[in-house]
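In our numbering, the protein residues as written are 40 to 459.
C-beta: ideal position from N, C-alpha, C; glycine also.
What follows is a short report on a single structure.
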């Protein structure tokens, strides 16, 4: 697909997203903040409403019709997620509130049970806070040591340094697949293979990859992978943990309560089978069903098609950003075809605060993110207190990029003229 007068993927799917058809500050909404949270297609909204209007009941515990329908839809969504990332078994998919909870589940269940003083955890400086703070807490409790992989001069994952950090002391490698600030796509299959040579486990934060490109956990061979539904066209309040079955079986429960038990006695309890061992209490039933609907929707388009179209958006976005002088974009530049990074750009203009840029762009109906994007350590390394970030998804268009560039140039001119 090329950018011509022909209808693009972005054009063809826009009718599926009701929220995009509105004005903000009397201007047509341009939503460039999908790395923070994606918009929801009508099919997902319908699935959520259908559950609450027709099937609302608790799952697994009832013999009545509504409970049976709710259970079928809830567990059917698990099957869809498992197939979406090519898990070997549906039992390897654990529902969580979000990716942060999924990481904490691994940290407190596997980490507390397996890490000892002197053991090493390898992270990178580009990690989201959700993949740093839990490991800091676990390191404090266990005496484990955290080591960080830095950046290359082109602001990519330093694979050579990573290999040098690996040793027999390495027990865990926990890394992001796609950086939400640098936009770089890390070589997670190669990263995992190197870690396994030293007997280390690998967790992949796939929040910015699962919604945008095909992900195959068996080919990747990671031990765990986490993602959030709200970044992949589903609702908030739902995410998932993938884990290899043999590892999940060996892990103790993360939370206790209803649903995760087999039998409860006054002096002890036995626990349920996977995946329910890690799903204590009444779950987010409607949200899980909506996640299944989001997977159906993404599959109906095709992840290969979504990824190819986003590469075209990336190519066009960066070509247009290159027309703005003194614009500092973080992370490796994409190829002319838009390959090598995600469809997002975090940037700064000297002398203009990122939040001021975002505020004025909002007056033009353009939604971008400003701040540290939950990557404060990375921003300190980049010598920036924060950045502005435009992040695109398959429902965006080249015409929206054109409007964004015009508004961005006008906003920069406004601030620069104020200083004269």
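Rounded straight-line distance, which links the Cα of residue j to that of residue i
i, j, result
"residue 166", "residue 84", "31 Å"
"residue 381", "residue 307", "49 Å"
"residue 134", "residue 390", "44 Å"
"residue 214", "residue 244", "6 Å"
"residue 402", "residue 64", "6 Å"
"residue 139", "residue 318", "15 Å"
"residue 268", "residue 330", "6 Å"
"residue 149", "residue 291", "7 Å"
"residue 404", "residue 60", "12 Å"
"residue 300", "residue 366", "56 Å"
"residue 259", "residue 388", "38 Å"
"residue 255", "residue 117", "16 Å"
"residue 115", "residue 332", "10 Å"
"residue 341", "residue 52", "12 Å"
"residue 372", "residue 315", "43 Å"
"residue 369", "residue 358", "15 Å"
Assigned exposure category for residue i - 16 Cβ within 10 Å defines buried
i, result
"residue 362", "exposed"
"residue 288", "exposed"
"residue 447", "buried"
"residue 217", "buried"
"residue 58", "exposed"
"residue 445", "exposed"
"residue 127", "exposed"
"residue 194", "buried"
"residue 438", "exposed"
"residue 41", "For residue 41, the pLDDT reaches just 46, beneath the cut-off of 50, and the residue's location in the model is therefore unreliable, although a value from the coordinates is still provided. Classification for residue 41: exposed."
"residue 102", "exposed"
"residue 169", "buried"
"residue 450", "buried"
"residue 105", "exposed"
"residue 92", "exposed"
"residue 285", "exposed"
Residues bridged to residue i (per DSSP)
i, result
"residue 309", "302"
"residue 135", "278"
"residue 265", "244, 280"
"residue 325", "Residue 325 is not bridged to any residue."
"residue 408", "428"
"residue 388", "391"
"residue 380", "223"
"residue 368", "386"
"residue 160", "185, 211"
- Message: Which runs of the alpha helix (DSSP H) at least 4 residues long sit entirely within the stretch 162-244? Give them in chain order.
- Response: 172-181, 198-204, 227-236
- Counting Cβ pairs closer than 8 Å, one from the stretch 343-360 and one from the stretch 48-61, do we hit at least three? yes
- So does the stretch 218-232 actually touch the stretch 372-387, counting three or more Cβ pairs closer than 8 Å? yes
- List in chain order: all unbroken beta strand (DSSP E) runs of 3+ residues lying wholly within the stretch 61-100. none
- Looking at C-beta atoms only, is the number of pairs between the stretch 89-104 and the stretch 307-324 that lie closer than 8 Å three or more? yes
- Examine the Cβ distances between the stretch 102-109 and the stretch 225-235 and report whether three or more of them are shorter than 8 Å. no
- contact_flag[the stretch 163-181, the stretch 413-426] where n(CB pairs < 8 Å) is 3 or more: Touching, yes, given that three or more Cβ pairs across the two stretches are closer than 8 Å.
- If we count Cβ pairs, one from each stretch, closer than 8 Å, do we get three or more for the stretch 425-438 versus the stretch 65-76? yes
- Is there contact here, the stretch 143-160 with the stretch 203-212, by at least three beta-carbon pairs under 8 Å? Short answer: they touch.
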